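Below is one structure; the comments refer to it alone.
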């Protein structure tokens, strides 16, 4: 009899890192309503990350525009926009409105997140930094520059790791 023995196969899959950014949706209410709800004038209600253009070039697959970077961040296609009014779900499924804006300033891109809830804003900024570090790990693998691939394994804080990454791409 020609019976085959049962076999097991091991398939290496890339890990998936889910963040609050995966729950972001662009709001569909009229812009006049969103403007009153989301746009904040107080500087303590916004946080900014500055990314060198060389880093944006690598993150966005060689397309350096505000729209491309915004689309990579929020994972939702926007048509020629450099900002979006969004809503994110927190761990208790509470919806938090915020706005995000990407602006090119010289050789850098500023990503500005405006949101009243300081804890959620801080969480979104940290998770964005982690997403950038993870994306760059894959870019480094693709470029076969593996000496920096294990950037997150040392005992540095997230801020130190992110600052180190940014410093590599500043001109």
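In the working numbering, the protein residues as written are 10 to 180.
The beta carbon of each residue, even a glycine, is placed where N, CA and C say it ideally should be.
Remember, predicted model here, so these are calculated numbers, not experimental data.
Notebook entry, point to check: Which partner residues does residue 93 have in the DSSP bridge list?
Noted result: Residue 93 pairs with 109.
Next item on the list: Return the bridge partner residues of residue 56 from the DSSP annotation.
Entry: In the DSSP output, where bridge partners are listed per residue, residue 56 has 122.
Checklist line | Where the alpha helix (DSSP H) containing residue 75 begins and where it ends | finding: Per DSSP, the continuous alpha helix (DSSP H) segment holding residue 75 begins and ends at 75-83.
Checklist line | Whole-Å CB distance - residue 111 paired with residue 78, under 8 Å assumed | finding: Between residue 111 and residue 78 the beta-carbon gap is near 5 Å, inside 8 Å, which marks them as a contact.
Next item on the list: Answer yes or no: do residue 28 and residue 96 have a C-beta to C-beta separation smaller than 8 Å?
Entry: No.
Note to self: Distance check for residue 22 and residue 14, CA to CA, integer angstroms please.
What the structure shows: Across the structure, residue 14 and residue 22 are spaced so that their CA atoms are roughly 25 Å apart.
Notebook entry, point to check: Taking the DSSP output, what are the residues bridged to residue 61?
Noted result: According to DSSP, residue 61 bridges with 117.
Notebook entry, point to check: Would the beta-carbon of residue 69 fall within 8 Å of that of residue 81?
Noted result: In this structure, residue 81 lies closer than 8 Å to residue 69 by Cβ.
Check: When the Cα atoms are used, what is the spatial distance from residue 57 to residue 150?
Finding: C-alpha separation (whole angstroms): 28 Å.
Margin query: Considering only their Cβ atoms, is the gap separating residue 175 from residue 61 smaller than 8 Å?
Written below: Between residue 61 and residue 175, the C-beta gap is smaller than 8 Å, which places the two residues in contact.
Notebook entry, point to check: Should residue 18 be labelled buried (16 or more other beta-carbon atoms within 10 Å of its own) or exposed?
Noted result: Exposed is the call here.
Check: Got a sec, what are the start and stop residues for the alpha helix (DSSP H) residue 255 sits in?
Finding: Beyond the ends of the chain as shown, which are 10 and 180, falls residue 255; an answer cannot be given.
Margin query: For residue 24 and residue 148, I'd like the C-alpha separation in whole angstroms.
Written below: When rounded, the distance between both Cα atoms is 15 Å.
Next item on the list: Please check the pair residue 124 and residue 54, which I expect to be a contact at CB under 8 Å, by giving their CB distance rounded to whole angstroms.
Entry: With 8 Å as the limit, residue 124 and residue 54 qualify as a contact, their Cβ atoms being about 7 Å apart.
Margin query: For a test of the three-state rule: what should DSSP assign to residue 238, helix, strand or coil?
Written below: Residue 238 is absent from the structure shown; the chain starts at 10 and stops at 180.
Notebook entry, point to check: What is the residue span of the alpha helix (DSSP H) that residue 135 lies within?
Noted result: Where residue 135 is concerned, the enclosing alpha helix (DSSP H) stretches over 127-151.
Checklist line | Contact belief for residue 83 with residue 109 at Cβ below 8 Å, rounded distance in angstroms | finding: 7 Å between Cβ atoms; contact.
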